[in-house]
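Chemist: Using UniProt numbering, the first residue of the sequence shown is number 1, and each one after it goes up by one. The structure is given below, and queries will be raised subsequently.
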Amino acid sequence: MRISKIDHVVMTTDVVDECLKFYRMLGFSIRDAQGRYELTAGDVRINLYRRGDGVYPHADNMQPGSTDLCFELDGNIDDLRMLRDYFEKQGLDVSDSLVPRNGLRGAMQSFYLRDPDGNSIEISSYGR
1 MRISKIDHVV MTTDVVDECL KFYRMLGFSI RDAQGRYELT AGDVRINLYR RGDGVYPHAD
61 NMQPGSTDLC FELDGNIDDL RMLRDYFEKQ GLDVSDSLVP RNGLRGAMQS FYLRDPDGNS
121 IEISSYGR
């Protein structure tokens, strides 16, 4: 018996509507789940809580802007560049260029942006 995957990540926000718009732009579907929002894309699930809403259980110190996530793009490096350029044209503050990184499965390329709460969002591709 061993831990094999992350089922979901919880993020806290002060700006729900802005975050929902941002994550929709990233391709997440959103479901209102009675006090929180379930954001899903592929095998990724984020539970989004509004700070102070009293949803339990929760972490002791839930703070917006304290999360750093890396999402893997189902595509190649050209797709990653096109996505980066698209986000820039949409007015998002994205990193200037792709940068080499080492992920769970080895070498990858990434770019960075921030969500409305200031969380660091990395979008990566292992593709050639």
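Note that the Cβ used here is the ideal one computed from N, Cα and C, for glycine as well. A quick note: this is a predicted structure, and the numbers were derived from the prediction, not measured.
1) Quick one: Cα of residue 33 to Cα of residue 46, how far?
2) Can you tell which of 24, 75, 38 has the C-alpha that lies nearest to the C-alpha of residue 12?
3) Could you give the first and the last residue of the continuous beta strand (DSSP E) run that contains residue 49?
4) Can you say whether residue 9 is buried or exposed, counting buried as having 16 or more other CB atoms within 10 angstroms of its CB?
5) Who are the Cβ neighbours of residue 40 in its own chain at under 7 Å, not counting the five residues just before and after it?
6) For residue 84, is the classification buried or exposed, using 16 other Cβ atoms within 10 angstroms of its Cβ as the cut-off for buried?
7) Are the stretch 62-70 and the stretch 78-98 touching by the rule of at least three beta carbon pairs closer than 8 Å?
8) Just to check my reading of the structure: residue 110 and residue 98 have Cβ atoms closer than 8 Å, yes? What is that Cβ distance to the nearest angstrom?
9) Counting along the chain, where does the beta strand (DSSP E) carrying residue 3 start and finish?
10) With a threshold of 6 Å on Cβ separation, who are the neighbours of residue 31 within its own chain once the five nearest residues in sequence on each side are excluded?
Modeler: The answer reads as follows:
1) The residue labelled residue 33 in the question sits at position 33 within the sequence shown. The residue labelled residue 46 in the question sits at position 46 within the sequence shown. The straight-line gap from Cα to Cα measures roughly 12 Å.
2) The residue given as residue 12 occupies position 12 in the sequence shown. When each option's Cα is compared against that of residue 12, the closest is 38.
3) By 1-based counting over the sequence shown, the position of residue 49 is 49. Where residue 49 is concerned, the enclosing beta strand (DSSP E) stretches over 44-50.
4) Within the sequence shown, the letter at position 9 stands for residue 9. Looking at its Cβ environment, which holds fewer than 16 other Cβ atoms inside 10 Å, residue 9 is exposed.
5) Position 40 of the sequence shown, counted from the first residue, corresponds to residue 40. Result list for residue 40: 28, 29, in chain order.
6) The count along the sequence shown starts at 1 and reaches residue 84 at position 84. Residue 84 comes out buried.
7) no
8) As a working mapping, residue 110 is identified with position 110 in the sequence shown. As a working mapping, residue 98 is identified with position 98 in the sequence shown. That belief holds up - the Cβ atoms of residue 110 and residue 98 are roughly 7 Å apart, short of 8 Å.
9) Position 3 of the sequence shown holds residue 3. Unbroken run through residue 3: none, as it is neither H nor E.
10) For the purposes of this step, residue 31 is taken as the residue at position 31 of the sequence shown. So the qualifying residues of the chain are 38.
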